[in-house]
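In my numbering, the protein residues as written are 3 to 664. Some notes on the structure that comes next.
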Amino acid sequence: MELVPLRRNRNTSSRNLRAFLPTTREEMDARGWDQLDVLIITGDAYVDHPAFGPVLIARFLEGRGYKVGIIAQPDWSSPEDLKRMGTPRLFVGIAGGNLDSMLNKLTAQKKTRAEDQYSPGGRANARPNRATIVYSNLARQAFGQTPIVLGGIEASLRRIAHYDYWSDSVRRAILLDAKADLLVFGMGERSVWEIAKRLDAGKSVKECWDIEGTAHVRNRGEWETLPKSEYVADHKVLWLPSYEDVVASKDAFLEMSRAFQYETNPGNGRPLLQVHGHQAVYFNSPAKPLDTTEMDGLYDLPFVRQPHWSYNEVIPAFETVKHSVVTMRGCFGGCTFCSITEHEGRHISSRSEENILREVRALRRMDDFKGVITDVGGPTANMYKMHCKSEAIESKCRLLSCVHPGICENLVTDHQPLLSVLKVLRREEGVKKVFVASGVRYDLATRSPEFIDAMARHHTGGLLSVAPEHNDPTVLNKMKKPGIEHYDAFVEQFQCASEKAGKDQHLVPYFISGHPGSTLESMVGLAQYLKREGLKPRQVQDFIPTPMSMATCMYYTGRDPFTREPVYTAREMADKRLQKSLLFYWDPEHHDEVREALTRAGRADLIGTRPDSLVPPATGKGSLSIHVKRAAERRTQANNPRAPGNKNSPRAPQGKPPRRPT
Ligand code: B12
Ligand code: SF4
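Pasting the structure below:
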């Protein structure tokens, strides 16, 4: 089928004042708008693409007839920049961006990241720390009593009192510091539409207090008499331990995390209340997930699929997703270091095959699309259309994971719907290659040899990213990840399938160091495993305790919230660094650190030249500190995308970038 180009080359296109949502008065005028209904403020650059959550919400509201404008990465030195399109009629929506703003700024070692992938030119200073709070307070100054609604990952995952790694403290529920009226948590469409409808009908913020998927603050006299829930089955309000209690006691923090995680499933998550001094934050039950028709409706919205025309520089996060398609949202994995299940919910909402194909046809109209779809996936590549065998069972089930400690017998793990989508996309005219770059859940994949065959034959660009994360059963158990034997089985099946397809292909496994439960000894075990398997990981993750994840609770309290048992966690930066160094046993730049790690772990026997040694003995040339310093300098250089000659530069030509699966 012949398709006409969607728009001219970005570099040569003139300013299109109507295609994007307005960001200035001039663009409002071009649409003939005097006043916005809703203003969305975001910490990311404005990329009109469904992978950018705040933009998705903006387009969604526009699709329901509201006049929506966007202010991306405003100047936060004063409220002036926020006023550029005037006061919106209904509310101001605020999001820190697609990532938590602190996570976006700082690494696991609390060093400033060289790059903010969501900013033009990858610039690292385009948003303030704790962007949601800063923007919200500015919006209050700029717009007085106009309702302020928080949303996005930063607000969602800081909604209750939470441990903040970057300040090493327990912070209050974000609504209190942001002084906003409402907070939308999880996937926002249903809740934000209901808010818009009610405010539009002249109702007050207080009349929005019962909307599912939202939270609000209650003052003295508004919460004390709420009935406390005592049984799992009743639908009264579950009172979490108060902010004061969780600050004073790690035991109380653990009980809060434990109680909270069972309440995140739409369908049976109960309303929650957390007292902070004389105020309390009230959380309604989670909103119901979108069904396939509703998901399709989102991706049919008129996204330009480009950064706003005012940008002259590349926005790295857009480059990653511009030729990819999302098939679903939600995750039933429940890995403890990742908060996607808490944020998006355990239920999988999938798009229809036809709708995915329609988006691919829109991709075909892009000037720079050369027939390669870089990813067909979502939080996990192969959970598309998977579901609990019965809605009735699912609505009662309170577990966070359907796949840990083993795959639940009620889970339907059929890969056929995904195989069918992939086949249809492969056959589409103008499509030469369809890659799957999102993380493959290998314990599910091994149930479908046909899926592994298709992956090996058609959907892997020589390297397939998978995330076993560790090999030690104790650590994997703390992560709620499947045992390494599942990964090994997948490797074997994938290699056989690749051979059958006549392809020389490899897996790129990702590992995490410094996770709760991980000791120097278990990291030595992992390094030995890697050496035995001939693996030399390049991209590794030093565990970051992000807000509200269960692993963060382990990191902070030193106990497992599921069993209440003590868990060791490396907390000192130096210990975290040594754990990470073991993953680089193969790299001479790290050998001094690896030798130190082995010595500390009592495994100096692994320093030597035997086949099973992990590193050679020190040569005696130069002092250890100089070596370590030089290695650190080289690493800094390698991490700096703008460093001359750095192959990681977003502008440098690259093969298919293996993205770390989430
Ligand atoms: C694709 C992706 C990337 C791509 C970026 C492409 C892109 N444009 O997003 C790349 C590869 C660049 C990337 C990088 C990183 N990523 Co990433 N990424 C994702 C992923 C898989 C999908 C993002 C997406 O499409 N979300 C879909 C949108 C629709 O969801 P949403 O943003 O939550 O929006 C909804 C709600 O929040 C709400 N909402 C949003 N805004 C607003 C506004 C208002 C007013 C309201 C009311 C509601 C609302 O409604 C929206 C629709 O329902 C997510 C996981 C996920 N599934 O979300 C991880 C994720 C966002 N990434 C994550 C991480 C950790 C990273 C890295 C730091 C990884 C690393 N260690 O290097 C880096 C960032 C480095 C940097 N700063 O430079 C974490 C963030 C955790 C956190 N607490 O913030 C996530 C959640 C994955 C995880 N495992 O936990 N990532
Ligand atoms: S019963 Fe099993 S498959 Fe169904 S929701 Fe619960 S854990 Fe998931």
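Glycine is no exception: its CB is placed at the ideal position from the N, C-alpha and C atoms.
C-beta contact flag for residue i and residue j at 7 Å
i: Leu465; j: Phe513; result: no
i: Leu152; j: Leu105; result: no
i: Lys391; j: Asn412; result: yes
i: Tyr557; j: Pro518; result: yes
i: Leu528; j: Val468; result: no
i: Ala128; j: Ser121; result: yes
i: Gly516; j: Asp544; result: yes
i: Arg160; j: Pro547; result: no
i: Lys181; j: Arg142; result: yes
i: Arg174; j: Tyr245; result: yes
i: Arg200; j: Cys210; result: yes
i: Pro288; j: Pro309; result: no
i: Asp298; j: Arg366; result: no
i: Gly98; j: Glu156; result: yes
i: Ile135; j: Asp179; result: yes
i: Ala606; j: Ile317; result: no
Range covered by the alpha helix (DSSP H) that runs through residue i
i: Gly55; result: 55-65
i: Thr559; result: 552-559
i: Pro451; result: 451-456
i: Ala447; result: 444-447
i: Ala499; result: 486-502
i: Glu29; result: 27-32
i: Val207; result: From DSSP, Val207 is part of no alpha helix (DSSP H); its letter is neither H nor E.
Three-state secondary structure assigned by DSSP to residue i
i: Arg222; result: coil
i: Pro590; result: helix
i: Cys404; result: coil
i: Gln75; result: coil
i: Val426; result: helix
i: Gln281; result: strand
i: Gln276; result: strand
i: Arg534; result: helix
i: Arg331; result: strand
i: His389; result: strand
i: Leu92; result: coil
i: Tyr245; result: helix
i: Ile409; result: coil
i: Phe22; result: coil
i: Gln147; result: coil
i: Leu108; result: strand
i: Pro229; result: coil
i: His164; result: strand
i: Leu421; result: helix
Range of the contiguous beta strand (DSSP E) that encloses residue i
i: Gly379; result: 377-379
i: Tyr512; result: 508-515
i: Arg173; result: 171-173
i: Leu300; result: Segment 294-301 is the alpha helix (DSSP H) holding Leu300; no beta strand (DSSP E) there.
i: Thr44; result: 40-44
i: Pro618; result: Where Pro618 is concerned, there is no enclosing beta strand (DSSP E), given that its DSSP letter is neither H nor E.
i: Glu117; result: Note, Glu117: premise wrong, no beta strand (DSSP E); not H, not E.
i: Ala364; result: It is not in any beta strand (DSSP E) - Ala364 instead sits in the alpha helix (DSSP H) that spans 355-366.
i: Ala469; result: 465-471
i: Leu185; result: 184-186
Neighbourhood of residue i by C-beta distance below 8 Å, restricted to the same chain and skipping five residues each side
i: Ser625; result: With a pLDDT of 43 at Ser625, under the threshold of 50, the modelled position of this residue cannot be trusted; read the value that follows with caution. If we look at Ser625 and ignore the five residues flanking it on each side, it has no Cβ neighbours.
i: Ala633; result: Bear in mind that a pLDDT of 48 at Ala633, under 50, signals an unreliable position, so the model cannot answer this.
i: Cys498; result: none
i: Ile162; result: Ala175, Leu242, Met258, Phe262, Leu274, Gln276, Val283, Phe285, Met550
Same chain, Cβ closer than 7 Å to residue i, five either side skipped, listed in chain order
i: Ala21; result: Val306
i: Glu346; result: Gly188, Met189, Arg331, Gly332, Cys333, Pro381
i: Asn18; result: Trp311
i: Tyr444; result: Val468, His488, Tyr489, Phe492
i: Val433; result: Val362, Gly373, Ile375, Leu427
i: Lys398; result: Asn270
Cβ neighbours of residue i in the same chain (closer than 6 Å, five flanking residues each side left out)
i: Trp35; result: Lys69
i: Leu446; result: Asn384, Thr415
i: Ile609; result: Arg597, Leu600, Val617, Pro619
i: Glu361; result: Tyr301, Val327
i: Arg91; result: Gln37, Asp39
i: Pro24; result: Met30, Gly71
i: Tyr167; result: Pro547
i: Ala553; result: Thr338, Phe339, Pro518
i: Glu196; result: Ile213
For this session: Please list, following the chain, all residues that have a C-beta closer than 6 Å to any non-hydrogen atom of ligand 2.
Result: In chain order, the qualifying residues are Phe334, Cys390, Ile395, Glu396, Cys399, Leu401, Cys404, Cys410, Asn412, Leu413.
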